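Novice: Here this note's numbering is used: the first residue of the sequence shown is 90, the next is one more, and so on. Where a beta carbon is used, it is the ideal one built from N, C-alpha and C, also for glycine. All of these numbers come straight from a predicted model, not from anything done at the bench.
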Amino acid sequence: MQIKYTLLGGAAAMLLAGSALAQDLVVKIGHVAPTSGGIAHLGKDNEMGARMAIDELNAKGVTIGGKKAKFELLAEDDAADPKQGTAAAQKLVDAKVNGVIGHLNSGTSIPASKIYSDAGIPQISPSATNPKFTRNGYKTTFRVVADDVHLGGTLGKYAVKDLKGKSIAVIDDRTAYGQGVADEFEKGVKGAGGKIVGREFTNDKATDFTAILTSLKAKKPDVVFFGGMDAVAGPMLRQMKQLGIEAKFVGGDGICSGELPKLAAGTMADGQVVCAEAGGVEGAAKKSMDDFYAAFKKKNNVDVQVYAPYVYDAVNVMVAAMVKAGSAEPAKYLPVLAKTEGYKGVTGTIGFDSKGDVKNGALTLYTYKGGKRDQIAVVR
């Protein structure tokens, strides 16, 4: 009886050892975005994109280095505040995450990038467009969207050549993103032979723009560019209408959301607003983006705002590098991630240059008709 028990114990021990070998490899992916504050709708959109990717990866049963991976999302709120952003970054480093997707804003992504670099943890931003983000020489820093040089410059040329802007005014919110994209827009306008008639600034919490808009109204602008986010652009559009400023309103990806018509409270004329979103697909590739939008709506019961597809791609690009490297350890998969080339994402084909910038980044130009975003063109 004793022998039988021992044999059974031995078999049980072998079974336990087998299950330990087959045990899940836990992979922690950090995600940071503002899920509180004025642009919480954009931050929540990002987080839902990350959760969608994580849920799909877990359902697929991905193996890394012969072990079944179990992905966990560690989500942090940085409230679009640089101090809170660095605190969130440190929290994720302390939690020993395998990689980070985020942050949403350039103003939080840039200071956080040093913390991730010091810890050797790869960071992919789905939406930080300020050029400085990838210019600090950190090997851990990547983005899956075109930067402000491309975005602002393209919009500047578009304002002069396509919108036929003769007198163009510029406003920015003094954030790393807003000021950066406005500077590049101004360069693009001047490069295309256009004229800037005024440059004003506000902040990313402001709601009253009467003084700066009155000052600009006297200069009779036919195009007003705003470097900032939709939470500020909406009230600004309302006040432009009240003051009788009928200029075209142009902005970057920060204003290019599904929420903008609501924030502008019905004051946007069809075709009045032109905005650019970093990224873009056309032709046959457009189907994967359309499918993503439909799947996102079905899963979350809300429409995509702006960046969710880029977050989704960023998670999948990171995990693809882990699979290829056979390891989720940052030091082992980071060199593979840096060499990413030809990855077919829902936002287009992704590859990184030596700085960590996406290669051949596209832009999609949109306007709004009947309160809905309407695509104008994809430009590279």
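1. If you draw a straight line from the C-alpha of Ala322 to the C-alpha of Leu352, how long is it?
2. For the alpha helix (DSSP H) that contains Arg327, what are its first and last residues?
3. Starting from Asn414, trace the alpha helix (DSSP H) both ways and give me its first and last residue.
4. May I have the straight-line CA-CA distance separating Gly241 from Ala271, to the nearest angstrom?
5. Kindly list the residues whose CB is nearer than 7 Å to the CB of Lys309, restricted to its own chain and excluding five residues on each side of it in sequence; keep chain order.
6. May I ask which residues mark the beginning and end of the beta strand (DSSP E) holding Ile118?
7. Can you say whether Lys386 is buried or exposed, counting buried as having 16 or more other CB atoms within 10 angstroms of its CB?
8. Would you kindly report the start and end of the unbroken beta strand (DSSP E) that includes Ser214?
9. Just confirm the distance between the C-beta atoms of Gly287 and Leu305, as a whole number of angstroms; I'd bet it's less than 8 Å.
10. For the alpha helix (DSSP H) holding Thr243, just list the boundary residues, first then last.
11. Can you list, in chain order, the residues of its chain whose CB lies under 8 Å from that of Gly333, leaving out five sequence neighbours each side?
12. What three-state label does DSSP hand Phe222 in the structure shown?
13. Between the alpha carbons of Tyr432 and Tyr247, how many angstroms are there, rounded?
14. Just verifying my parser: in three-state terms, what is the DSSP assignment at Ile204?
15. Suppose you measure from the CA of Pro424 to the CA of Thr436; what does that come to, to the nearest Å?
16. Can you give me the start and stop residues for the beta strand (DSSP E) that Asp261 sits inside?
17. Hey, is the stretch 262-269 in contact with the stretch 310-317, meaning 3+ C-beta pairs nearer than 8 Å?
18. Distance, Cα to Cα, Ile153 vs Val412?
19. Among Asp236, Ile204 and His239, which residue has its Cα nearest to the Cα of Thr229?
20. Judging by CA-CA distance, which residue of Thr453, Gly450, Glu418 and Asp446 is the nearest neighbour of Ala208?
21. Under 8 Å by Cβ, that's how I've got Glu161 and Lys117 pegged, so tell me the actual separation to the nearest angstrom.
22. Which word fits Arg469, buried or exposed, when buried means at least 16 other C-beta atoms lie within 10 angstroms of its C-beta?
23. Considering only the alpha carbon of each residue, which of Asn449, Lys458 and Gly126 lies closest to Ala295?
24. Which residues bound the alpha helix (DSSP H) around Gln268?
25. Under DSSP, the alpha helix (DSSP H) around Phe385 begins and ends at which residues?
26. Find out if the Cβ-Cβ distance for the pair Pro211, Gly188 is shorter than 8 Å.
27. Apart from the five residues on each side of it in sequence, which residues of its chain come closer than 7 Å, Cβ to Cβ, to Thr456?
28. With distances taken between CB atoms, is the gap from Met407 to Ile213 smaller than 8 Å?
29. For Leu181, report the span of its alpha helix (DSSP H) as first-last.
30. Using beta-carbon positions only, say whether Glu366 and Thr453 come within less than 8 Å of one another.
Specialist: Straight from the coordinates:
1. 8 Å
2. Asp319 to Gln331
3. It should be noted that the sequence gives Ala, not Asn, for residue 414. Residues Ala397 to Ala414.
4. 7 Å
5. Ser256
6. Leu114 to Ala122
7. exposed
8. Gln212 to Ser214
9. 5 Å
10. Asp237 to Lys250
11. Lys306
12. helix
13. 30 Å
14. helix
15. 23 Å
16. Ile257 to Asp261
17. yes
18. 5 Å
19. Ile204
20. Glu418
21. 5 Å
22. exposed
23. Gly126
24. Ala265 to Gly280
25. Lys375 to Asn389
26. yes
27. Gly360, Val362, Val363, Asp463 and Ile465
28. yes
29. Pro171 to Asp183
30. yes
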